[in-house]
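Q:
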Amino acid sequence: MNWTIDQLKIFEMAATEGSFSAAARKLGKAQSRVSTAIADLELDLGAELFDRSLHTPTLTPFGQEMLTEARFVLAQRDRLNARAMAAVAGQDIELVIAGDEAVPLVGFQTIFARLAEQFPNLKLTLTHGSRNDIAAAVLSGRATMGVLFRSSQLDDDIEFHSVGHFKQTLIVAKDHPLCSNAEHNLSQLQAFRQLVICDRLGENRAAPLTSNYWHIDSYYQISEMVAMGLGWALVPEHIARSPWYRDSLISLSTQNIPQSTLVEVGVIKRRDQHFGEAGQWLLRQLEQLFNH
């Protein structure tokens with residue numbers, strides 16, 4: 007068999023985009039070249055990848071199996087290229103880290119102090135944003151790595167490396183009616199407005215537990231609004247316990263919340279990127295910090 011990586015990439019793009027013409031536009035190639043590449047790949051593999059009898063080419067059962075294999079080969083190619091480039095470069099010249107504003111910074115300063123000692127010539131840039139901002143920055147190459155809470159599926163070209171978990175707590179204002187009991191069932195909570203996290207564009211939204219809810223793009227803004235008596239919310243414990251809200255919020259039991267109150271935090275990077283010495287060092291430090 008003489009199939010090529012380019013053929014696999016064209017095949018994967020056609021399957022993902024749903025048509026040969028869309029794949030051609032995405033790849034910047036002529037449609038005839040896409041059709042020829044797929045036809046040649048089918049000859050090499052000995053079976054049809056697409057059923058062309060329909061209005062648009064549709065993957066055959068064999069094509070479905072080969073798509074999984076093709077994606078695996080392409081991912082391995084990306085990793086090989088990334089590791090080769092890192093080996094040639096030797097060390098990171100610059101790290102650009104995009105972090106979720108709600109991830110606790112306690113301990114970060116010590117890590118960065120040690121980073122400065124360990125890699126004195128390293129350039130470092132720190133930015134903050136919402137989950138989607140961070141993922142977009144990493145995907146576009148504007149950030150080397152992202153540190154964020156995992157709430158839903160990420161882009162296929164992004165790898166997520168878990169470094170720890172945080173527990174959420176149920177918060178209300180000190181004079182809220184729910185304060186009368188330390189523990190509540192869901193029907194009692196549903197009598198009041200819930201403030202729920204979302205991304206900054208309002209597109210990626212956490213699922214509410216009540217029919218009366220608002221979506222807010224910041225855990226800190228949510229906590230401020232809860233303190234004003236506008237509703238109740240689930241927020242990471244470290245935010246509820248911060249000095250800003252310690253005197254204005256009360257944490258209630260989450261025993262009857264019908265969903266996990268654990269929030270996973272991790273580091274993301276592009277699948278085709280390999281951390282150099284400094285990036286690998288920083289990843290290990292973050293693992294130690296969040297699992298201490």
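Numbering (our numbering), first residue to last: 7 to 298.
Yeah, the Cβ is synthetic: ideal placement off N, Cα and C, and Gly gets one too.
Quick one: give me the first and last residue of the beta strand (DSSP E) that His244 is part of.
A: Position 238 of the sequence shown holds residue 244. No beta strand (DSSP E) contains His244, which is instead part of the alpha helix (DSSP H) from Glu243 to Ala246.
Q: What's the gap between the Cα of Ile222 and the Cα of Gly237?
A: The count along the sequence shown starts at 1 and reaches residue 222 at position 216. The count along the sequence shown starts at 1 and reaches residue 237 at position 231. The alpha-carbon atoms of Ile222 and Gly237 are separated by roughly 12 Å.
Q: Rounded C-beta distance between Met151 and Ile103? I'm assuming under 8 Å.
A: Here residue 151 corresponds to residue number 145 of the sequence shown, with the count starting at 1. Here residue 103 corresponds to residue number 97 of the sequence shown, with the count starting at 1. Indeed they touch by this definition, with Cβ atoms about 6 Å apart.
Q: Could you check the C-alpha separation between Gln115 and Glu23 for me, to the nearest Å?
A: If you number the sequence shown from 1, residue 115 lands on position 109. If you number the sequence shown from 1, residue 23 lands on position 17. Looking at the two C-alpha atoms, the distance is approximately 44 Å.
Q: When we look at the beta-carbon of Gly105 and count the other beta-carbons within 10 Å, is it buried (16 or more) or exposed?
A: The residue given as residue 105 occupies position 99 in the sequence shown. Buried: at least 16 other Cβ atoms inside 10 Å.
Q: Cα separation between Lys129 and Glu270?
A: Numbered from its first residue, the sequence shown carries residue 129 at position 123. Numbered from its first residue, the sequence shown carries residue 270 at position 264. Those two C-alpha atoms are separated by around 28 Å.
Q: Which stretch, first to last residue, makes up the alpha helix (DSSP H) that contains Trp287?
A: Taking the first residue of the sequence shown as 1, we reach residue 287 at position 281. Run containing Trp287: Glu283 to Phe296, per the alpha helix (DSSP H) assignment.
Q: To test your reading of the DSSP string, which unbroken beta strand (DSSP E) runs of 3 or more residues are found completely within the segment 214-273?
A: 219-222, 238-242 and 255-258
Q: Using alpha carbons as the reference points, say which of Arg77, Asp57, Ser25 and Ile16 lies closest to Asp163.
A: Taking the sequence shown and counting its residues from 1, the one referred to as residue 163 is at position 157. Closest option to Asp163, Cα to Cα, is Arg77.
Q: Fully enclosed by the segment 64-106, which beta strand (DSSP E) runs are 3 residues long or longer?
A: 100-106
Q: Return the chain-ordered list of same chain residues with a C-beta closer than 8 Å to the C-beta of Lys32, the five sequence neighbours on each side being excluded.
A: Residue numbering aside, residue 32 sits at position 26 when the sequence shown is read from its first letter. Met19 and Glu23, listed in sequence order.
Q: Is the number of C-beta pairs between the segment 129-139 and the segment 173-188 that are closer than 8 Å three or more?
A: As far as the Cβ criterion goes, the segment 129-139 does not touch the segment 173-188, which means the pair count is below three.
Q: Where Leu230 and Tyr251 are concerned, what is the direct C-alpha to C-alpha distance, given to the nearest angstrom?
A: Taking the sequence shown and counting its residues from 1, the one referred to as residue 230 is at position 224. Taking the sequence shown and counting its residues from 1, the one referred to as residue 251 is at position 245. Contrary to the premise, residue 230 reads as Glu rather than Leu in this sequence. Near 8 Å, if we compare the C-alpha coordinates of Tyr251 and Glu230.
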